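Report on the structure given below.
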Amino acid sequence: MSKRAAKPSSGKRQRPDPGRSSRKAREAAAQQRHRRNRSLAIAAITGVVLVVAVMVAVALTRHPQASRSSGGVGPAGNLAEHVPVSVLDSVGAGRGITPPQALPSGTPTLEQNGKPEILYIGAEYCPYCAAERWPLVVALSRFGSFSTLRETESAAAEVYPRTQTFTFHGATYTSNALAFVAVETNTNQPAATGGYTALDQPTSAQQSLLLRYDRAPYTTQTGAIPFLMISNRYLSIGASYDPAILQGMTRNQIARALSDNTSVIARGIDGAANTLTAAICQVTGEKPASVCSDPTITKIVPALPKP
Amino acid sequence: MTPRWVMRWTFLLALAASAVSAYLTIAHFTTPNLLACSASGTINCARVTTSAQSRFVGIPVAVLGLTWSIAMVGLCSPVAWKARATWIQPTRLTLVCIGMLFVLWLVYAELFIIRAICLWCSVVHVLTFALFVLVVPSGWAGEGEHLKGR
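Note that the protein sequences, when read in sequence, are chains C and R.
Take -19 as the starting number for the first sequence in our numbering and just add one per residue.
Take 213 as the starting number for the second sequence in our numbering and just add one per residue.
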């Protein structure tokens, strides 16, 4: 209130203006509301910034741990999971690829939690399994992701010794489109009693599938591995390409070659991965469309064996 | 009244988000190779746009992003800012908050599930955050009182 306003004029007593005081109260309340709302807005923005900062910090600090061979996905695994789609497209069906066989139409459904199941049964000592894991990782990475994928090699005493690869033992895979179940029955370490030390034990249902399908007419060698069932539609026994192309190469050399469409390795592994991708698309109901409607994949589908 | 620069910038940001989202949507329905982006290593657009997380309840995230940004263009147009309709401000505020929460989920998915970053998606994320920064104060403070005089 100004001095002039406080001064009585013309001898009349000045009465308080009820309209003015209520307006002041309203203004004060509005200001308080604005202050509170502004604080809320600042808190919301700060919250978003903090959440992003924490996520980035955690991701950056987790990175070195993920690169260790004891867990996570190492650099080779990272490259195998991230083969450029442009390279996969230019390789197409590849060269010298054995496509999976079609299973008879009455084959029981293989699924987990309503998702089609891809069942792999192999062993760490096995060089054909070592070879087959590469295209499997490339193909499955288009449908989901591995969060744990350790590195290993096939046994030194086997054909194609020390073939560099990954192991699915302890691997974690997530996908909205499919379920991946892997069984590595043995390590690559010789056992005192002969053979190799035991690792994962197939379930009775998996053993039944082996007994039923891991024999003639599906394979000339009963009990051969790797054994790969793509739900109840396709079956692949053995390596889809020649494991000899991996001989003498380090894991990182193989992984880097996957992104070079002129390399023999890309034509073998990426070609096999595309064929597996086309087969997997047939059991996921062509999902995700971004993968299954890829012209390269749709071109391979008609070439897949029919039941 | 909300300052003109806020009206202008939110409109421009929403338009830019729509343009990038349209680009991502076209790439989603054609080929990820369309994206001018690295396709190997940590920066890998194709890896992200073809991942399982590229869909949300069966709907491509690119389509959701395009729908959201087109709605934001309408709600952040100068006409909408000046309109007296009482539903516009809360709708704009709700939508920008939903967009921001979705961006946080996508950033999490890129960093921890897909382990790859899509540059074009990140552009949309940054635009969404910028919209959030401009819309939230004006939405909560009502009539943009706090922005007066800028």
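Positions of the beta carbon are idealized from the N, C-alpha and C atoms, including for glycine.
Small disclaimer: the values here were computed from a predicted structure and weren't measured.
query: Interface residues of chain C facing F341 of chain R [CB-CB closer than 9 Å]; result: I25, V28, V29 and V32
query: Under 7 Å between C-beta atoms of F160 of chain C and I98 of chain C; result: yes
query: From C:L158, C:T128, C:Q169 and C:T199, residue whose alpha carbon lies closest to that of A136 of chain C; result: C:Q169
query: Validate contact between the region 121 to 140 of chain C and the region 185 to 196 of chain C using beta carbons, cut 8 Å, 3 pairs; result: no
query: As assigned by DSSP and simplified to three states, the class of P215 of chain R; result: coil
query: is_contact[V263 of chain C, chain R] using C-beta, thresh 7 Å; result: no
query: Simplified DSSP state of N93 of chain C, which is helix, strand or coil; result: coil
query: Within-7 Å CB hit, S50 of chain C to chain R; result: Any reading at S50 of chain C must be qualified, since the residue scores a pLDDT of 38, below 50, and its modelled position is unreliable; the value itself is stated next. No, S50 of chain C lies away from the interface with chain R (no Cβ there is under 7 Å from its Cβ).
query: C-beta contact flag for S281 of chain R and A229 of chain R at 7 Å; result: yes
query: Interface flag, S19 of chain C vs chain R, CB-CB below 7 Å; result: no
query: Euclidean distance between Cα positions of I217 of chain C and T200 of chain C; result: 10 Å
query: DSSP-derived helix/strand/coil call for A234 of chain R; result: helix
query: The region 13 to 29 of chain C / the region 78 to 89 of chain C touching (three or more Cβ pairs under 8 Å); result: no
query: Residue-level contact to chain C via CB, L323 of chain R, 7 Å cutoff; result: yes
query: Inter-residue spacing [alpha-carbon to alpha-carbon] between E112 of chain C and R18 of chain C; result: 59 Å
query: C-alpha distance - A295 of chain R paired with T303 of chain R, whole-angstrom precision; result: 13 Å
query: N-terminal and C-terminal residue of the beta strand (DSSP E) that N166 of chain C is part of; result: N166 to P170
query: Beta-carbon spacing of A252 of chain C, S220 of chain C below 7 Å; result: yes
query: Test: V348 of chain R CB closer than 7 Å to a CB of chain C; result: yes
query: Check whether T237 of chain R and A283 of chain R have beta carbons under 7 Å apart; result: no
query: Chain R contact for S270 of chain C (CB, 7 Å cutoff); result: yes
query: Of the listed residues C:Y108, C:A33 and C:A283, nearest to T257 of chain C (C-alpha basis); result: C:A283
query: Element boundaries [alpha helix (DSSP H), containing Y320 of chain R]; result: I300 to Y320
query: C-alpha distance - L276 of chain R paired with T306 of chain R, whole-angstrom precision; result: 16 Å
query: Residue burial classification, E290 of chain C (beta-carbon count within 10 angstroms, cutoff 16); result: What is shown of chain C runs -19 to 287, which leaves residue 290 of chain C out entirely.
query: Option in C:G203, C:A172, C:G174 and C:T173 with minimal Cα separation from Q187 of chain C; result: C:G203
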